[in-house]
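J.:
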Amino acid sequence: MKGPLFYSKILLFGEYGIIKDSKGLSIPYNFYNGALKMDENPSEEAIESNRSLKNFVSYLSNIDAELVTFDIDTLQKHVDKGMYFDSSIPQGYGVGSSGALVAAIYDKYAQDKITVLENLTREKLLKLKSVFSEMESFFHGKSSGLDPLNSYLSIPILINSKDNIEATGIPSQKSEGKGAVFLLDSGIIGETAPMVHIFMENMKQEGFRKMLKDQFIKHTDACVDDFLKGDIKSLFSNTKQLSKVVLNHFKPMIPKQFHELWKKGIETNEYYLKLCGSGGGGYILGFTENIDVAQKTLKDYKLEVVYNF
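For the sequence shown, full-length UniProt numbering begins at 1 and goes up steadily by one.
(1) DSSP three-state call for Ala193: helix, strand or coil?
(2) Thinking just about the alpha-carbon of each residue, which of Val95, Tyr109, Ala100, Gly96 is nearest to the one in Lys77?
(3) Short check: CB of Pro255 to CB of Ile198, under 8 Å?
(4) For the 8 Å Cβ check, are there 3 or more pairs between the segment 28 to 37 and the segment 148 to 161?
(5) Buried or exposed for Glu118, going by 16 or more other Cβ atoms inside 10 Å?
(6) Would you tell me roughly how many angstroms separate the C-alpha atoms of Gly280 and Gly141, rounded to the nearest one?
(7) Which two residues bound the contiguous alpha helix (DSSP H) that contains Ala65?
(8) Assuming Met211 and His249 make a contact with CB atoms under 8 Å, what is their CB distance in whole Å?
(9) Going by the DSSP bridge assignment, what does Asn269 pair with across the sheet?
(10) Note down, in chain order, each residue of its chain lying with its Cβ closer than 6 Å to the Cβ of Ile72, except the 5 sequence neighbours on either side.
(11) Whose C-beta lies closer than 7 Å to the C-beta of Gly230 among residues of the same chain, with five residues either side of it excluded?
(12) Helix, strand or coil: how does DSSP classify Asp214 here?
(13) Alpha carbon to alpha carbon, what distance is there between Glu40 and Ser243?
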């Protein structure tokens with residue numbers, strides 16, 4: 001048995017902000033993927049994944065039936081037979097490893113599921129998002145549901161606000177373009193829950209809430225608009241501001257050894273870094289107007305280009 005592939009995702013803009021109703025833009029990233037599988041001779045990883053699925057099944061059997069119901073008997077039978085999630089998506093890297101798993105389980109075992117082929121109205125998207133949010137909360141404590149939504153639909157998703165999301169098109173890539181979005185490997189596994197906890201604690205301070213609204217969300221929203229319109233000049237100017245705000249106010253989410261590198265990008269304008277997912281490790285997202293220059297400066301790090309302007 002081998003199920004269909006579900007891909008990783010990149011939240012280009014909106015990390016943390018979407019918790020407080022900023023805009024967001026999430027795109028599928030086909031470099032990594034995962035699928036449900038069964039093997040005669042499972043590896044250590046497969047056994048570990050199967051163990052985690054066992055706990056997930058008991059969690060799913062208690063989800064509010066008003067929201068979603070699963071064919072739990074079949075799912076349980078498959079998990080007892082050793083089914084696991086075979087995935088190349090790195091865990092703790094901010095590219096949606098649990099999201100792809102949630103999408104795969106929903107796709108195969110949800111009853112009366114909403115499919116990719118039907119007309120995806122806003123209501124259906126929101127319904128899917130709330131189902132996925134509930135499912136993925138098993139892994140993170142609190143989930144927006146966006147990662148699985150992106151993985152399940154495999155199309156870019158524009159978040160206008162909590163209750164307003166839509167499938168969107170993004171400007172087509174220019175393969176010979178010098179401008180690029182890239183992933184920088186921090187070499188550290190990030191944990192989502194502790195980072196979200198720090199953020200929620202900070203939200204109790206009025207100064208932090210004001211900064212979030214007046215600076216962080218303002219620049220995030222502008223970046224989303226610029227990216228979708230293809231206004232590259234404005235995009236880089238807003239990304240630079242966003243990178244500064246994150247360096248000044250989200251320091252705990254940036255691994256210590258990257259503070260200087262982050263600052264250097266802002267000072268030289270060679271690249272701008274931002275969080276990819278909750279931070280704390282995993283990937284860091286980079287934007288540059290000249291990928292050759294950025295690659296030279298960051299030659300000691302592992303870089304993956306995900307989009308060309």
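Here a beta-carbon is modelled for each residue, glycine too, at the ideal position from N, C-alpha and C.
T.: If we stick to the structure as given:
(1) For this step, residue 193 is matched to residue 193 along the sequence shown. Here Ala193 sits in helix by DSSP.
(2) Taking the first residue of the sequence shown as 1, we reach residue 77 at position 77. Ranking the options by Cα distance to Lys77, first place goes to Tyr109.
(3) In the sequence shown, counting from the first residue as 1, residue 255 sits at position 255. In the sequence shown, counting from the first residue as 1, residue 198 sits at position 198. No.
(4) yes
(5) As a working note, residue 118 is residue 118 in the sequence shown. Under this definition Glu118 is an exposed residue.
(6) Counting from 1 along the sequence shown, the entry for residue 280 is found at position 280. Counting from 1 along the sequence shown, the entry for residue 141 is found at position 141. Looking at the two C-alpha atoms, the distance is approximately 17 Å.
(7) Along the sequence shown, one-based indexing puts residue 65 at 65. Counting along the chain, Ala65 falls outside any alpha helix (DSSP H), and DSSP gives it neither H nor E.
(8) Taking the sequence shown and counting its residues from 1, the one referred to as residue 211 is at position 211. Taking the sequence shown and counting its residues from 1, the one referred to as residue 249 is at position 249. Rounded, the Cβ-Cβ distance is 6 Å, consistent with contact.
(9) The residue you call residue 269 lines up with position 269 of the sequence shown. None; Asn269 has no bridge partner.
(10) Reading the sequence shown from its first residue, position 72 is the one you call residue 72. Ser61, listed in sequence order.
(11) Within the sequence shown, the letter at position 230 stands for residue 230. The answer, listed in chain order, is Pro171.
(12) Indexing the sequence shown from 1 puts residue 214 at position 214. Three-state DSSP puts Asp214 in a helix.
(13) Stepping through the sequence shown from its first residue, residue 243 is reached at position 243. Stepping through the sequence shown from its first residue, residue 40 is reached at position 40. Distance between the alpha carbons of Ser243 and Glu40 is about 48 Å.
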